[in-house]
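Undergrad: Per the numbering used here, the sequence shown starts with residue 14, numbered consecutively. Don't be surprised by glycine CBs; every beta carbon is placed ideally from N, CA and C. To start, I am sharing the structure in question, which I have written as structure tokens.
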Amino acid sequence: MPQRLFLAAIRQVLARLTGPVAPFARALGIALAVMLALAVIWATVLRPRQLATQAATAKIAAAQANASAGAARDTITIQRDHDREVERIRIITREGEHAVSTAPGAGDPSPAVAAALRAAVCVHASYRADAACHPVPGNSGGDGDAGGNAGGSAPRQ
14 MPQRLFLAAI RQVLARLTGP VAPFARALGI ALAVMLALAV IWATVLRPRQ LATQAATAKI
74 AAAQANASAG AARDTITIQR DHDREVERIR IITREGEHAV STAPGAGDPS PAVAAALRAA
134 VCVHASYRAD AACHPVPGNS GGDGDAGGNA GGSAPRQ
């Protein structure tokens, strides 16, 4: 029953708009029709597009937030693993230093090591004139123990 009353009211309005009416009423009817058409266009075309854009924007924002959170989690995990590895290396180094320093004879001087160190230093030209380098075998101006000018090239200046 209410639908019949609504349709009857629309028929009356249409009859007045199409019949002999005042110019003001006709302009008012045209304005209402244009507003109704714009409302239909907004409701069927523009508003759904706005809602889709808002939904896509919200989805992208959520994905970015999840990616940022994941990156932060990964960074913390990597840093924690790195810190554990550094500590493991420190422990191994400390244990190795302790084992070397407490080994039997660790504090005793070694004449062989001292002679090898002196020989390694004395082969360089800047140390050859040092009195400690004279007893080193092969220190006659060349490089190494092979004697002077063993390579056949001209002596260095």
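Mapping the DSSP letters down to three states, classify Val136 as helix, strand or coil.
TA: coil
Undergrad: Which residue marks the beginning of the alpha helix (DSSP H) containing Thr88, and which one marks its end?
TA: Arg60 to Ser114
Undergrad: Distance, Cα to Cα, Leu51 vs Ile43?
TA: 12 Å
Undergrad: Report the three-state DSSP secondary structure of Arg141 (helix, strand or coil).
TA: coil
Undergrad: Suppose you measure from the CA of Leu64 to the CA of Glu100; what does that come to, to the nearest Å?
TA: 54 Å
Undergrad: Using C-beta distances below 7 Å, list every residue in its chain close to Tyr140, excluding the 5 sequence neighbours before and after it, in chain order.
TA: Within the same chain, Tyr140 has close Cβ partners Val134 and Cys146.
Undergrad: Below 8 Å between beta carbons: does that hold for Val126 and Ala119?
TA: no
Undergrad: Measure the alpha-carbon distance for Leu49 versus Ala22 and round it to whole angstroms.
TA: 17 Å
Undergrad: Return the CA-CA distance between Gly164 and Ala129, expressed in angstroms with no decimal places.
TA: With a pLDDT of 47 at Gly164, under the threshold of 50, the predicted position of this residue should be treated as unreliable, and no value is reported.
Undergrad: So what's Pro122 in DSSP terms, helix, strand or just coil?
TA: coil
Undergrad: Cα separation between Thr66 and Thr57?
TA: 15 Å
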